[in-house]
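Numbering (full-length UniProt numbering), first residue to last: 1 to 167. We put the CB at the ideal spot given by N, CA and C, even for glycine. Quantities reported herein were computed from a predicted structural model and do not represent experimental measurements.
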């Protein structure tokens, strides 16, 4: 066993660069790797907290107005919620920057927009490739939404439900 430790000591005490031994070089590299791993861990935690806070803030902004999915969710190869609460300005599309992000291949990156003007909601198509349909009619300009209107985008159909605002 003593020969083994002597061999290890001989290997690590070899000078590789000037007076720098292999042990010093190896330990310095491991220190930097450890620091990088710690920073990556901290970054991962901050990222998780950011997404959690973002989700919490979206839930706090929820109103009584929402879109209800009319399709069955098990037929889709992407994640879609049954309800999407609507705020004052909402965009729908594949891009993560949308208020309502749905990874449907038939949606444009920025497909449609629902905006609120006082107590009236409007639906507009954002020059999407496959179009936005309201009650089976393709829309070209912003059009007023009413409760129980059916919005068809991509493979999905949503029921628009406008809740009562407490004033």
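Query raised in the report: Shortest alpha-carbon distance to residue 87 belongs to which of 160, 40, 28, 149?
Result: The candidate whose alpha carbon is nearest that of residue 87 is 160.
Report task. Kindly give me the distance between the Cβ atoms of residue 84 and residue 66, rounded to whole angstroms, as I take these residues to be in contact under 8 Å. Result -> Sure, about 6 Å apart at Cβ, within 8 Å.
Report task. Could you spell out where the alpha helix (DSSP H) holding residue 68 opens and where it closes? Result -> That residue, residue 68, is in no alpha helix (DSSP H); its beta strand (DSSP E) goes 66-69.
**Report entry** Beta-carbon separation (whole angstroms), residue 162 vs residue 106, contact threshold 8 Å
**Finding:** Between residue 162 and residue 106, the beta carbon gap of about 26 Å keeps them out of contact (Cβ cut-off 8 Å).
**Report entry** residue 75 versus residue 158: straight-line alpha-carbon distance, rounded
**Finding:** Going by the C-alpha atoms only, they are around 15 Å apart.
Query raised in the report: Is it the case that the Cβ atoms of residue 139 and residue 117 are separated by a distance below 9 Å?
Result: Contact flag unset, no.
Report task. Helix, strand or coil for residue 109, going by three-state DSSP, please let me know. Result -> Look at residue 109 here: in three-state DSSP terms it is coil, with no helix or strand label.
Query - Every unbroken beta strand (DSSP E) inside the UniProt domain "FHA" (84-139) [3 residues or more] - result: Positions of the beta strand (DSSP E) runs, each at least 3 residues long and wholly inside the UniProt domain "FHA" (84-139), are given as 89-93, 112-117, 120-125, 132-134 in order along the chain.
Query raised in the report: Can the beta-carbon of residue 153 be found closer than 9 Å to that of residue 111?
Result: Yes.
Query raised in the report: Would you report the Cα separation of residue 100 and residue 155, rounded to the nearest angstrom?
Result: The straight-line gap from Cα to Cα measures roughly 15 Å.
Report task. Pick helix, strand or coil for residue 28, following the three-state DSSP scheme. Result -> Secondary structure at residue 28: helix, using DSSP grouped into helix, strand and coil.
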